[in-house]
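Undergrad:
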Amino acid sequence: MSRIGELLKAMTLPEKLGQLTMTASSYAVTGPVIAGDSTESIRDGTLGNLLNMVGADHVHEMQRLAVEHSRLKIPLLIGLDVIHGHRTLFPVPLAEAGAFDRELWQQTAREAALEAAADGLAMTFAPMLDVARDPRWGRGVEGPGEDSWLAARIAEAKVAGFQGADLGSPGSLAAVAKHYCAYAPVTAGREYASVDISERSVREVYLPPFGAAVAAGVAAVMPAFTDLAGIPLTAHVELLQGWLRGRLGFDGVIVSDYNAIGELVRHGIAADLTQAAALALKAGVDIDMMAQAYRLGLPPALERGLVRIEQVDAAVLRVLTLKERLGLFDDPYRRGRTPDTAEARARRRRLARAAAVRCVVMLKNAAALPLAGGLRTLAVIGPLADAPAEMRGPWWAAGEGRDHVSVVAGLKRALGEGRVVHAPGVEIDSAATEGIAAAVEACRQAEATVLCLGEAATMSGEAASRAHLGLPGEQRALATAVCASARAAGRPVIAVLFSGRPLIVPWLIEQADAVLAAWFLGCEAGNALADLITGRESPSARTPITWPRALGQIPIFFGERPSGRPANPQDHFTSKYLDVPNEPQFPFGHGLTYGRFTLANLRVAPARVTERDVIEVQVDVVNVGERAAEETVFVFTHDVVASVARPLLELKGFAKAALAPGESRSVRLELPAGELRFLGPDLAPRFEPGEVEILVGPCAERAQLLVSRIELISG
Ligand code: BGC
């Protein structure tokens, strides 16, 4: 019998339930504070998993209790939300999505895993794969943006990065694909609210990224807090047992979200913890995070016949199997034994800077950037100009604010201390305006102004929905005063926006000469922004989410289906608003560079395509600008006539071309025709003969796309 088979045979019920339980140690960066009870439970073998602990010494101390003092010596599984870096913070996931760079997505996850594993951790609650089309919801910042195909590519890269080639190696973490699924379309963008969307949307939009994560070998999956049409995901038999385990063949661990099993009572589908525990176990949830529902609720549930011991055993086996795959039985101290080196830390900082450079989206540039050389004084204004800790963004794991480079610090380093003047003007979110006059005065003395505005790091992420998506506090008053004064003096204002979502600031986009979306860039934020502002590097990122121009346009995304009455200003009875255009402020994929690109000569072959063919898409890209830069080319499709109305655009690929001024290149992409299948009226995938448009260009605005048609044929 296998090691874990033997163990299972020897386990008492409380020991089994301990393996199905995860509780938090509220860590302080200097050390964890473990409740005495948890320590006791680890020792007596009734607690098998922990979250929120940092530091190899502390992790090993707890591990020692389990493997040296508990009866069966089963190692602990210890996890943390390592979302965009552990101690070294990289750009937030939404920002990183906009780099459209698979290698980068994987590299940052790999480095985060190495760093977290060196701290003793074995699991990260990432990647977050929630396709998010409503920027009121704060958690969009943790994920891939609005597109499902993009989310699936990120899923593959992140799982490969976190888990490495071998889950058992000392530098690998078990990844957790979350939150399964359709968490983002909460009612009115309000966190934790109910979700009610079509089965087609669930299958077409929200499930594919999880399919990709499972295909990439993800070790664990976390169900969403929310309900879908009345069934909370934590108890969703059809989606967990039927789809995830059945259709996708997932045999890893399902770990509940924080107290989510207990919350089944509040959802109103369980009368008490016993029923809640039974529902979650039967749906396939293996680990109960924080609810104590399994430890307290499963014994009476077993007695009452609500669950069977075989179901408990199957869950325990999955948890033990994961611990075995992680190498924890062979050497529970393998993670955290070798301390992180100075060289590794330096390598990570370099990666963090390169990543941050690749994640800034230049939304507008009226010849204000890069800054002219020889500038004598630059004013760096705004509440986010000298705010190192804010650069972390939400979910900073063990990242320390003091390790972060602010914009002021980065620009001082780049231009020289004496050439940068700074005034915050206002706070991020307060009614005070007394500082505005000094800020305007500082700008008056400078030849250009960098205006750093936006949200605090905690205004996005979990439990951070917003109903107004403008700038908080009195930042608009500051920006208006600064822009007016600069315009009068004929000097440029470069706005840098920090946020975990697209902000709705049409007035700023109008008034500022250049606008950079910096999202939250992590520890090297200030240096990376200085690299871009001074022209050492060119911006290259593209927004992975549509920027609305008005709140009432939400949800707004490029993958909408056509209307029977498309907008027509001449015709009253068409699909439009009376008071705002349909078009977004910036479409998905928008992002300027210091180069200028033209795309021409789209070639698509073959013209007639069977399901087994690979379609070759080629386009010539020329940098007609005066600076070297990198263009991103997107490939979209549109099925013109099908048995089910298809989205106006579907993303199917992207490629990058870094070109010197005057240089041209033919960019080539392959598109397997099988990817043109869609879910028919019966929701089964089908390849349907007929015409399909192939659209290629720099963003999801149709007017900017080159179009070619192919014909799908059977056979
Ligand atoms: C979040 C999860 C996270 C968990 C553990 C929950 O509140 O929804 O995304 O992994 O906490 O920290």
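For the sequence shown, this note's numbering begins at -15 and goes up steadily by one.
Glycine residues also receive a C-beta, built at the ideal position from the N, C-alpha and C atoms.
Fair warning: this is a prediction, and the values are worked out from it, not measured in the lab.
Nearest by alpha-carbon distance to E374: which of T442, G419 and P408 is it?
TA: The residue with the shortest Cα to Cα distance from E374 is T442.
Undergrad: Pull up the distance between the alpha-carbon of N36 and that of H70, whole angstroms please.
TA: Answer to the nearest angstrom: the Cα atoms are 12 angstroms apart.
Undergrad: Quick one: measure Cβ to Cβ for D270 and A299, integer angstroms, because I've assumed they're closer than 8 angstroms.
TA: With a Cβ gap of about 4 angstroms, D270 and A299 count as contacting.
Undergrad: According to DSSP, is Y578 part of a helix, a strand, or is it coil?
TA: Coil, per DSSP.
Undergrad: Leaving out five residues on either side along the sequence, give the residues of the same chain with a beta carbon under 6 angstroms from the beta carbon of A40.
TA: Closer than 6 angstroms at the Cβ level, and outside the excluded window around A40, lie D103, G104 and G320.
Undergrad: Under 7 angstroms: does the beta carbon of F109 sit that close to some heavy atom of the ligand BGC?
TA: For the ligand BGC, at least one heavy atom lies less than 7 angstroms from the Cβ of F109.
Undergrad: Measuring straight from C-alpha to C-alpha, what distance separates E521 and P378?
TA: Looking at the two C-alpha atoms, the distance is approximately 26 angstroms.
Undergrad: Looking only at its chain, what residues have a beta carbon closer than 7 angstroms to the beta carbon of C427, apart from the 5 residues adjacent to it on each side?
TA: Excluding positions up to five away in sequence, the list reads A363, I365, T433, V466, S469 and A470.
Undergrad: Along the beta strand (DSSP E) that carries E634, what are the first and last residues, could you check?
TA: Segment E634 to L643, the beta strand (DSSP E) holding E634.
Undergrad: Among the residues of its own chain, which have a CB less than 7 angstroms from the CB of T14, if the five just before and after it don't count?
TA: A caution first: T14 carries a pLDDT of 47, below 50, which makes its placement in the model too unreliable to give a value.
Undergrad: Under three-state DSSP, which class holds Y176?
TA: Of the three classes helix, strand and coil, the one that applies to Y176 here is coil, per DSSP.
Undergrad: Who are the near neighbours of E508 in its chain, counting only those whose CB is closer than 7 angstroms to its CB and skipping five residues on each side?
TA: So the list reads R333, A336, R337, A340 and V389, once near-sequence residues are dropped.
Undergrad: Considering Cα atoms alone, identify which of P631, R693 and S627 is closest to G664.
TA: Out of P631, R693 and S627, S627 has the C-alpha closest to the C-alpha of G664.
Undergrad: Whole-angstrom Cβ separation of Q459 and P372, contact assumed at under 8 angstroms?
TA: Not confirmed; about 19 angstroms, so no contact.
Undergrad: Answer yes or no: do V186 and A161 have a C-beta to C-beta separation smaller than 8 angstroms?
TA: Not in contact: V186 and A161 (Cβ atoms no closer than 8 angstroms).
Undergrad: So which of I238, A196 and D211 has the shortest CA-CA distance to L232?
TA: Answer by Cα proximity: A196.
Undergrad: Out of L191, V179 and A93, which has the shortest C-alpha to C-alpha gap to A135?
TA: Ranking L191, V179 and A93 by Cα distance to A135 puts L191 first.
Undergrad: Are the beta-carbon atoms of P645 and L583 separated by less than 8 angstroms?
TA: For P645 and L583, no; Cβs fall outside 8 angstroms.
Undergrad: Would you tell me roughly how many angstroms separate the C-alpha atoms of G82 and R27, rounded to the nearest one?
TA: About 46 angstroms.
Undergrad: What does a CB cutoff of less than 6 angstroms around E(-10) pick up in its chain, not counting 5 residues either side in sequence?
TA: Cβ neighbours of E(-10) beyond the five flanking positions: none.
Undergrad: Would you kindly check if the distance between the Cβ of I62 and the Cβ of V43 is under 8 angstroms?
TA: Yes, Cβ-Cβ distance for V43 and I62 is below 8 angstroms.
Undergrad: Report the three-state DSSP secondary structure of E87 (helix, strand or coil).
TA: E87 falls in the helix class under three-state DSSP.
Undergrad: My output table needs one value for Q688: the three-state DSSP class, helix, strand or coil.
TA: Correct three-state label for Q688: helix.
Undergrad: Would you call M(-15) buried or exposed, if buried means 16 or more other Cβ atoms sit within 10 Å of its Cβ?
TA: So M(-15) ends up on the exposed side.
Undergrad: So, at 7 angstroms on beta carbons, what are the nonlocal neighbours of A100 in its own chain, with the 5 sequence-adjacent residues on each side left out?
TA: Excluding sequence neighbours, A100 sits near L64, V66, H70, T108 and L157.
Undergrad: Identify which residue in N566, T518, A498 and V680 has its Cα closest to the Cα of G536.
TA: Out of N566, T518, A498 and V680, N566 has the C-alpha closest to the C-alpha of G536.
Undergrad: What is the C-beta distance between L353 and F570, in whole angstroms, given that I count them as a contact (C-beta under 8 angstroms)?
TA: So it is not a contact: roughly 17 angstroms between Cβ atoms.
Undergrad: Among residues of its own chain, excluding the 5 on either side of A361, which ones have a beta-carbon nearer than 7 angstroms to its beta-carbon?
TA: In the sequence as displayed, the identity of residue 361 is Thr instead of Ala. Closer than 7 angstroms at Cβ, skipping near neighbours: R403, V405, Q429, A430 and E431.
Undergrad: Please name the residue or residues paired with K348 in a DSSP beta bridge.
TA: Answer is V499, bridged to K348.
Undergrad: Output the distance between the C-alpha atoms of V237 and T325, rounded to the nearest integer angstrom.
TA: Those two C-alpha atoms are separated by around 32 angstroms.
Undergrad: How is V13 classed by DSSP in three states: helix, strand or coil?
TA: Below a pLDDT of 50, predicted positions are generally treated as unreliable, and V13, at 46, falls in that range; the measurement from the model is reported next regardless. V13: coil per DSSP, three-state reduction.
Undergrad: What residue from E446, E544 and S648 has the CA that sits closest to W121's CA?
TA: Nearest of E446, E544 and S648 to W121, Cα basis: E446.
Undergrad: Have a look at A463, L655 and C165 and flag the residue whose alpha-carbon is nearest the alpha-carbon of E595.
TA: Looking at the Cα atoms, L655 is the closest of the given residues.
Undergrad: Give a yes or no on contact between the region 47 to 56 and the region 83 to 93, applying the rule of three or more CB pairs nearer than 8 angstroms.
TA: The region 47 to 56 is not in contact with the region 83 to 93.
Undergrad: In the structure shown, what three-state DSSP assignment does H70 receive?
TA: Coil at H70, not helix or strand.
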